[in-house]
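Taking it in order: structure first as structure tokens, then the write-up.
Number of protein chains: 2
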Amino acid sequence: MSSETRQQPARLTRKGQATRSRIVAAAAQLMYERGVTEATLEDVRAAAGVSGSQIYHYFADKQALLLAVIEHQTEAVLELQAPLFDRLDSVRGLRAWRDAMVEFQRRLQCRGGCPIGSIGSEVAETNPEARLAVASGFLRWEGAIRAGLGAMHERGELEGDPDDLALAVLAALQGGLMLTQIQRAVRPLEVALDAALDHVASLVRVDPV
Amino acid sequence: MSSETRQQPARLTRKGQATRSRIVAAAAQLMYERGVTEATLEDVRAAAGVSGSQIYHYFADKQALLLAVIEHQTEAVLELQAPLFDRLDSVRGLRAWRDAMVEFQRRLQCRGGCPIGSIGSEVAETNPEARLAVASGFLRWEGAIRAGLGAMHERGELEGDPDDLALAVLAALQGGLMLTQIQRAVRPLEVALDAALDHVASLVRVDPV
DNA sequence: CCGATTCTGGATTAGACAACCCATTTTTCT
DNA sequence: AGAAAAATGGGTTGTCTAATCCAGAATCGG
Numbered sequence: 001m002s003s004e005t006r007q008q009p010a011r012l013t014r015k016g017q018a019t020r021s022r023i024v025a026a027a028a029q030l031m032y033e034r035g036v037t038e039a040t041l042e043d044v045r046a047a048a049g050v051s052g053s054q055i056y057h058y059f060a061d062k063q064a065l066l067l068a069v070i071e072h073q074t075e076a077v078l079e080l081q082a083p084l085f086d087r088l089d090s091v092r093g094l095r096a097w098r099d100a101m102v103e104f105q106r107r108l109q110c111r112g113g114c115p116i117g118s119i120g121s122e123v124a125e126t127n128p129e130a131r132l133a134v135a136s137g138f139l140r141w142e143g144a145i146r147a148g149l150g151a152m153h154e155r156g157e158l159e160g161d162p163d164d165l166a167l168a169v170l171a172a173l174q175g176g177l178m179l180t181q182i183q184r185a186v187r188p189l190e191v192a193l194d195a196a197l198d199h200v201a202s203l204v205r206v207d208p209v
Numbered sequence: 001m002s003s004e005t006r007q008q009p010a011r012l013t014r015k016g017q018a019t020r021s022r023i024v025a026a027a028a029q030l031m032y033e034r035g036v037t038e039a040t041l042e043d044v045r046a047a048a049g050v051s052g053s054q055i056y057h058y059f060a061d062k063q064a065l066l067l068a069v070i071e072h073q074t075e076a077v078l079e080l081q082a083p084l085f086d087r088l089d090s091v092r093g094l095r096a097w098r099d100a101m102v103e104f105q106r107r108l109q110c111r112g113g114c115p116i117g118s119i120g121s122e123v124a125e126t127n128p129e130a131r132l133a134v135a136s137g138f139l140r141w142e143g144a145i146r147a148g149l150g151a152m153h154e155r156g157e158l159e160g161d162p163d164d165l166a167l168a169v170l171a172a173l174q175g176g177l178m179l180t181q182i183q184r185a186v187r188p189l190e191v192a193l194d195a196a197l198d199h200v201a202s203l204v205r206v207d208p209v
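Protein chains in written order, with full-length UniProt numbering: chain A, 1 to 209; chain B, 1 to 209.
See the structure below:
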């Protein structure tokens with residue numbers, strides 16, 4: 001798992017793009033459910049409804065597919081939260097975001113953890129390229145949170161460094177997700193995010209919900 | 001990887017215990033460095049300086065070895081922190097514990113993450129038995145933190161639920177460790193723990209360090 | 001419409017790895 | 001000391017899986 005990363009076919013037919021997307025989506029789902037190494041290419045092949053050489057037609061090797069999956073999951077995670085990100089410049093908006101995260105995990109029965117974080121944790125020590133891809137995903141996530149907190153700060157409503165607070169909130173989310181995944185209960189996520197947001201709220205002058 | 005979990009030889013010679021320990025220690029190190037699935041039994045065999053059948057003489061299968069490793073890492077983590085746990089009943093003690101965690105990661109060059117958490121995250125969805133073992137390790141860890149916060153609370157120094165606060169601190173630690181591992185920088189861990197401890201400190205009446 | 005390119009199917013290979021087996025040596029217990 | 005139990009060495013096997021190959025079908029570009 002360490003080789004050329006670029007896609008092979010420069011041009012992709014519409015059909016080709018659809019097939020490629022199906023492969024990535026199936027791989028993402030399987031890697032999310034079972035982990036990267038436990039998701040075999042044979043599983044991906046079957047789940048995507050393609051056969052044999054298809055995967056290698058669109059990806060150089062499993063590594064290339066993995067990187068595509070990390071991209072895909074990053075987009076999915078950020079897209080899912082996009083409507084909530086816009087309101088992260090108020091304590092009320094932060095609480096709404098928290099509620100959505102908790103509700104999402106509850107629906108999943110606390111399975112899977114963070115789509116990005118669980119991959120990152122698995123590959124961190126053995127796959128530098130994938131680690132960097134995950135790191136870049138986290139950076140974007142952190143940036144989205146910081147945008148809201150930064151707005152509050154510029155409005156003079158928030159004391160304390162918004163950069164630090166955004167990172168702390170993301171860390172609380174990740175730690176909460178992991179403990180929730182392992183304990184199969186939402187309480188760790190709830191408690192972790194509540195503590196982080198209480199801390200933010202304690203630094204807010206106006207808008208004290 | 002799902003079978004009998006019990007050790008086979010009821011009695012162990014002193015030499016046998018030493019060999020078994022060597023195998024567990026080697027396996028723990030390799031699983032920490034490379035992850036559970038990437039650490040092959042051949043690697044463990046070589047690292048432990050034993051040969052062929054040795055591993056299967058002491059463990060039913062890789063699953064049994066993994067469970068022993070989780071036990072081992074839990075003990076190691078708790079033992080390492082034991083002297084610091086005693087002082088978690090003050091903000092000063094909490095800060096000292098934070099500094100030790102950060103310093104430890106710095107020494108490891110931010111590699112490996114949490115010895116328990118990284119295993120837990122990897123096996124959570126595919127290995128219920130191992131997931132429960134990790135969950136029980138986290139419960140002990142959480143208990144140690146809660147003991148300190150609980151003491152403060154009973155002394156009337158700490159407002160807020162010590163159970164929730166302990167869980168929040170552990171979550172901040174885990175999230176901070178994971179981001180630190182992925183970014184290869186100690187800042188996420190520092191910021192995450194500082195935020196969590198600031199939050200605790202904001203609920204403390206006396207001893208406001 | 002036709003040559004070129006892309007896409008698809010299925011079969012195959014080579015290597016890795018968990019797990020098993022048996023013969024031999026070492027240790028323990030009486 | 002001697003029998004029983006435990007420990008060790010190394011070889012073997014069967015399975016799983018990533019990766020490759022080639023032939024044929026569909027699609028595109030001019």
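Virtual Cβ for every residue (Gly too), placed ideally from N, Cα, C.
Closest residue to Arg87/B among Leu78/B, Trp97/B, Leu80/B (Cα-Cα distance): Trp97/B
Roughly how many angstroms lie between the CA atoms of Gln109/B and Ala25/A, to the nearest whole one? 35 angstroms
Quick check on Val209/A - is its C-beta less than 8 angstroms from some C-beta in chain B? Unreliable placement is indicated for Val209/A, whose pLDDT of 49 sits below 50; the coordinate value is still reported in the next sentence. For Val209/A, the answer is no, since every Cβ of chain B falls outside 8 angstroms of its Cβ.
Sorted by chain position, which residues of the same chain lie with C-beta nearer than 8 angstroms to residue 210/A's C-beta, five sequence neighbours on each side aside? Lying before the first or after the last residue shown, residue 210/A is absent from chain A, which here runs from 1 to 209.
Determine the direct distance from the alpha carbon of Ile70/A to that of Thr74/B, and round the result to whole angstroms. 30 angstroms
Taking a cut of 8 angstroms between CB atoms, which residues from the stretch 125-143 of chain B lie near chain A? Glu125, Thr126, Arg131, Val134, Ala135, Phe138
Is there contact between the stretch 122-131 of chain B and the stretch 111-121 of chain A, where contact requires at least three CB pairs shorter than 8 angstroms? yes
Output the distance between the C-alpha atoms of Thr40/A and Ala27/A, rounded to the nearest integer angstrom. 9 angstroms
Which residue spans inside the stretch 109-155 of chain B form an unbroken alpha helix (DSSP H) run of at least 4? 117-123, 128-154
Helix, strand or coil at Leu158/A according to DSSP, with G and I counted as helix: strand
Check the Cβ of Ala168/A against every Cβ in chain B and list those closer than 8 angstroms, keeping chain order. Ala172, Val191, Ala192, Asp194, Ala195, Ala196
Quick test of your reading: Arg95/A and Leu197/A, contact by CB under 8 angstroms. State the CB separation rounded to the nearest angstrom. 6 angstroms
Reduced DSSP secondary structure (H/G/I, E/B, other) of Val204/B: strand
Just by C-beta distance, which residues in the UniProt domain "HTH tetR-type" (17-77) of chain B are closer than 7 angstroms to chain A? Glu33, Arg34, Gly35, Thr37, Glu38
Can you tell me the Cα-Cα spacing of Gln29/A and Pro115/B, whole angstroms? 26 angstroms
Going along the stretch 141-163 of chain B in order, which residues come within less than 7 angstroms of chain A, judged by CB to CB distance? none
In angstroms with no decimal places, state the Cα-to-Cα distance between Ala166/A and Gly143/A. 8 angstroms
Mind checking whether Ala48/B and Phe59/B have CB atoms under 8 angstroms apart? no
Could you compute how far the alpha carbon of Tyr32/B sits from the alpha carbon of Ser118/B? 8 angstroms
Is Arg111/A close to chain B? Criterion is C-beta to C-beta, closer than 8 angstroms. yes
On the premise that Pro162/B lies in contact with Leu173/B, defined as a C-beta separation below 8 angstroms, what is that separation, rounded to the nearest angstrom? About 16 angstroms; that fails the 8 angstroms criterion.
So what's residue 284/B in DSSP terms, helix, strand or just coil? Nothing in the structure corresponds to residue 284/B, since chain B is present only between 1 and 209.
Inter-residue Cα distance where the pair is Ala201/B and Gly156/B: 14 angstroms
For Thr74/A, report the span of its alpha helix (DSSP H) as first-last. 62-85
Leu41/B, enclosing alpha helix (DSSP H) - first and last residue: 41-48
On the DSSP letters alone, give me the boundaries of the alpha helix (DSSP H) that Ala100/A sits inside. 91-107
Just to confirm, are Leu193/A and Phe138/B a CB contact at a threshold of 8 angstroms? no
Compare the C-alpha of Thr13/A against each of Ala46/A, Ala100/A, His57/A and name the closest. His57/A
Cutoff 8 angstroms: Ser90/B Cβ touching any chain A Cβ: no
Kindly give me the distance between the Cβ atoms of Ala171/B and Gly176/A, rounded to whole angstroms, as I take these residues to be in contact under 8 angstroms. 5 angstroms
Tell me the DSSP secondary structure of Ser3/B in three-state form. Any reading at Ser3/B must be qualified, since the residue scores a pLDDT of 40, below 50, and its modelled position is unreliable; no value is offered.
Alpha carbon to alpha carbon, how far is Glu190/A from Val169/B? 13 angstroms
Contact criterion: CB-CB distance below 8 angstroms. Does Met101/A meet it with respect to chain B? no
Just checking: is the beta-carbon of Gln183/B within a distance shorter than 8 angstroms of some beta-carbon in chain A? yes
Any Cβ of chain B within less than 8 angstroms of the Cβ of Glu79/A? no
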